[in-house]
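Contents: one structure, followed by commentary.
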Amino acid sequence: MSDADRSLLVEQYRLRHIFDFRTDLETSLYPDREVEGADRIWLPAIDQSTESLARSSLPQEAYQNLGPWLVQNSTNLFVQDVTRRFYIDLVMNEYTQLQYAAFLAGVVNTRDGAVFWHCSQGKDRTGLAAAFLLSALGADRELILEDYMISMDFYREELEFYESQVATEAEKEVIRTYIAINPRYFTAALDLIDHKWGSLLSYVQDALLLQDSDIEILRSRYLEK
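At position 131 of the sequence shown (counting the first as 1) the number is 174 in this note's numbering, and the numbers step up by one without a gap.
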């Protein structure tokens with residue numbers, strides 16, 4: 044974030060809350076800059092204690108040098124399996140659900156000014172948060188996927204560079220998921236939600252504890268009449 048970015052958030056958007064979905068490791072490696080008038084709320088979307096026990100997390104060197112690490116390890120069947128489960132683990136993990144519930148409650152309780160939420164790349168943990176909020180606002184799946192796909196505009200060049208360095212489709216899926224976006228895996232998570240909860244909105248209400256009154260507040264605040 045540049046000084047100009049920070050001034051824009053303070054003066055034009057009156058930023059009030061910053062929701063950070065990153066792990067303790069990520070925040071220690073790349074701490075946020077402070078924004079005057081905005082509180083940072085740490086909501087790590089990944090349950091690090093569970094990941095540690097299950098050995099289902101990427102090592103520290105992956106966060107520090109992601110692209111080359113992925114190219115080197117994309118043939119690893121364990122890494123491929125973690126990648127396939129990535130979105131599904133996020134939407135099914137009760138710890139993660141509570142973090143997203145706290146995020147939605149925080150948005151509801153931000154009565155003036157703007158909110159900002161992010162992870163490390165702004166597409167996976169952040170993308171799911173956007174999907175949940177859009178669903179509460181009444182967006183259908185087509186619009187949610189369209190919003191998710193916008194991230195490709197920012198990662199296409201980097202994706203093409205690293206995809207060219209791996210051979211098989213399974214390896215390319217690893218690269219797509221962590222370097223850019225993976226609509227296939229993202230959609231699979233939404234399909235699982237539909238199967239288990241009936242709809243994304245039902246998931247937001249039942250698993251993420253958003254009340255009808257909360258939805259009314261969000262829609263009255265953020266939708267144009």
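From the three backbone atoms N, C-alpha and C, an ideal C-beta is built for every residue, glycine too.
Being a predicted model, the structure only gives us computed values, none of them experimental.
- In the DSSP assignment, the residues bridged to W85 are D63.
- Rounded to the nearest angstrom, the gap between the Cα atoms of G156 and V53 is 9 Å.
- Taken in chain order, the complete alpha helix (DSSP H) segments of 4 or more residues contained in the stretch 166-226 are 168-179, 184-192, 195-206, 212-222.
- Around the beta carbon of N225, a 10 Å sphere encloses 16 or more other beta carbons of the protein chains shown; the residue is thus reported as buried.
- Under the criterion of beta carbons closer than 8 Å, E201 and I187 do not qualify as touching, at roughly 24 Å.
- Using a Cβ-Cβ distance cut-off of 8 Å, the stretch 137-148 and the stretch 247-254 are in contact, since at least three pairs of beta carbons, one from each stretch, lie closer than that value.
- Annotated as proximal: D257 and V151, with beta-carbon spacing under 8 Å.
- Minimum Cα-Cα distance from D190 among the listed residues Q208, N116, K166 corresponds to K166.
- Nearest Cα to I61 within the set A179, V125, A172: A172.
- DSSP, read as helix, strand or coil, puts A231 in helix.
- In this structure, I218 places its C-beta atom within 8 Å of the C-beta atom of S117.
- CA-CA distance, P87 to T66, rounds to 5 Å.
- Per DSSP, reduced to three states, the secondary structure at L58 is strand.
- The three-state reading of DSSP puts V78 in coil, since its state is none of H, G, I, E or B.
- The three-state reading of DSSP puts A157 in strand, counting E and B together.
- A distance below 8 Å separates the beta carbons of T169 and W160.
- If you check the CB distance, Y130 and F197 do not come in under 8 Å.
- For L235, the CB contacts under 8 Å within the same chain, skipping 5 residues up- and downstream, are I131, V134, M135 in chain order.
- Excluding its 5 nearest sequence neighbours in each direction, E267 has no C-beta neighbour in its own chain below 8 Å.
- F175 places its beta carbon 8 Å or farther from that of L141.
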